[in-house]
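To convert, note that position 285 of the sequence shown is 270 in the numbering used here; the numbers rise steadily by one, no gaps.
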Amino acid sequence: MGHPMSDQVSDFDFDLPPALVAEHPARPRDAARLLDIMPTGPFHDRVVRDLPSLLRPGDLLVANDTAVIPAQLDARRGEARIGITLDRILPDGTWHALARNARRLRPGDVLTFPGTPNTAAILSRDDEGGVILRFDTEGAAFDAFLQTAGVLALPPYIARPQGPTEQDRQDYATLFAAHRGAVAAPTAGLHFTPQLLAALEAAGVACCTLTLHVGAGTFLPVRGNSIATHRMHAERGTITEETAEKLNRTRRAGGRIVAVGTTSLRLLESAADHDGTIRPFAGDTAIFIRPGYRFRAVDLLMTNFHLPRSTLFMLVCAFAGYDRMRDAYAHAIGAGYRFYSYGDACLLHRAPTGPEA
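This is the structure:
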């Protein structure tokens, strides 16, 4: 089965029946199933709306309030069609993007977008299909351009031969969404409804938000079989001073930090001191969490079920224990849980004796 501290990507592989990949979310959202994964003992099959009874008064939920932009663009260089997926905005206002047919692009090329007067200049490209673009517009005008020219970059495993639907525009947005900039939704947040938030509040569980703009790199597989050589994509994140203080106050009072999604967890861990104190954060993070990592900031994690061989499956193995997560995923597959972005969720309690548990 491979040792949990292994450097082999193949140790994080598993077989998933294609029928378990969710094409549409549960309705209502909080009716999705929730697998409760304690450090030991049996797994408990629950639903998301059970969450208030699974947490304690004084716990603090931390959700990602990024909002998804329509990041997929159909560009032209002359007559050639170039598919562009925006990845992240850089400090100087340029964009890093992934380009299909990137090898045909050269610095200085100008892209046009059918149906709009807008253009983008290619500043540079790399060997992995990445390009740096400067659009001829920014701010509110750029938002308007995206609404006209862009479509949602749904994950590749959600089959939409005709492209994303109007329903997808609603389904692929969380109720926390406030700051535009993500290419992909922070999917654990998709399960929340106003009713669930009210029930959590009534149970003494507070909620706060941070911002991590999920990039296109989130869908990239780990190439090769050596984890050590994998380079994580950078994503831009913000934790305000007010939120950092709320997190630290919760911890001091004996409450637990519950990350809603791997994006929230990665940003919290990026902002944590060695003693677990959370500092305000504004910048990029490329933190890669895998077995052997010592968690400092997060006690529980609510997250969806992730792809085999992915950095996110490595992250949950680091958090709840390698063997425990292998068993949990086997249970979920046997019980017909729905996987990936539109799928069901699990609630992970941090392995008590560290990542080797």
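Idealized CB from N, CA, C, for every residue including glycine.
Coil, strand or helix - residue i by DSSP
i: Phe(-3); result: helix
i: Ile153; result: The sequence given here places Asp at residue 153; Ile does not occur at that position. Correct three-state label for Asp153: helix.
i: Ala317; result: helix
i: Thr228; result: helix
i: Met310; result: helix
i: Arg236; result: helix
i: Asp112; result: coil
i: Gly246; result: coil
i: His164; result: strand
i: Val33; result: helix
i: Thr214; result: helix
i: Gln57; result: strand
i: Glu220; result: strand
i: Phe298; result: helix
i: Ala52; result: strand
i: Thr288; result: strand
i: Leu68; result: Note on identity: in this sequence residue 68 is Gly, with Leu being the wrong assignment. Reduced to three states, the DSSP call for Gly68 is strand.
i: Gly174; result: helix
i: Arg18; result: strand
i: Pro141; result: coil
i: Arg41; result: coil
i: Arg89; result: helix
i: Ala336; result: coil
i: Phe127; result: helix
i: Ala158; result: coil
8 Å Cβ shell around residue i - same chain, five flanking residues per side excluded
i: Met23; result: His29 and His334
i: Ala238; result: Gly43
i: Gly93; result: Ala106 and Ile107
i: Leu160; result: Gly174, Phe177, Thr178, Pro179 and Leu182
i: Asp156; result: His9, Pro10, Leu175 and Tyr327
i: Val32; result: Asp15, Ala16, Ala17, Arg18 and Leu19
Cutoff 7 Å; reference residue i; Cβ partners in own chain excluding five residues on either side
i: Gly148; result: Val136
i: Ala125; result: none
Proximity of residue i and residue j at Cβ, strictly below 9 Å
i: Phe266; j: Ala229; result: yes
i: Gly246; j: Glu220; result: no
i: Ile242; j: Leu195; result: no
i: Thr270; j: Gly222; result: yes
i: Ile272; j: Ser255; result: yes
i: Asp(-8); j: Ala213; result: yes
i: Pro1; j: Phe304; result: It is Leu, not Pro, that sits at residue 1 in the sequence shown. Against a cut-off of 9 Å, the Cβ pair of Phe304 and Leu1 comes out as no contact.
i: Ala134; j: Leu83; result: no
i: Leu332; j: Leu292; result: no
i: Ala138; j: Leu71; result: yes
i: Arg322; j: Phe298; result: For clarity, residue 322 is Tyr in the given sequence; the question names Arg instead. No.
i: Arg264; j: Leu197; result: no
i: Ala330; j: Val47; result: no
i: Arg236; j: Gly261; result: yes
i: Gly209; j: Val(-6); result: yes
i: Phe(-1); j: Ile318; result: yes
Chain-order list of residues whose beta-carbon lies under 6 Å from that of residue i (same chain, five-residue window excluded)
i: Arg345; result: Examination of residue 345 is not possible in this model, given that the chain is present from -14 through 342 alone.
i: Arg110; result: Ala87, Leu90 and Val116
i: His215; result: Val207
i: His218; result: Gly200 and Gly202
i: Pro37; result: Ala184, Leu185 and Ala188
i: Leu40; result: Val190
i: Val6; result: Tyr142, Phe324 and Tyr325
i: Trp80; result: Leu71, Ile74 and Leu118
i: Thr104; result: Val95, Thr97 and Asp121
i: Cys192; result: Leu46
Legend entry - Any 3 or more C-beta pairs closer than 8 Å across the stretch 114 to 127 and the stretch 143 to 157: no
Inset, instruction - Report yes or no: do the stretch 167 to 182 and the stretch 1 to 15 share at least 3 C-beta pairs separated by less than 8 Å? - result: yes
Inset, instruction - Evaluate the contact criterion for the stretch 155 to 166 versus the stretch 39 to 58: three or more CB pairs, one atom per stretch, below 8 Å. - result: yes
Inset, instruction - Run through the stretch 176 to 200 for me and flag every whole beta strand (DSSP E) of 3 or more residues, listed as ranges in chain order. - result: 191 to 197
Legend entry - Length-filtered (3 minimum) beta strand (DSSP E) runs lying within the stretch 249 to 284: 266 to 270
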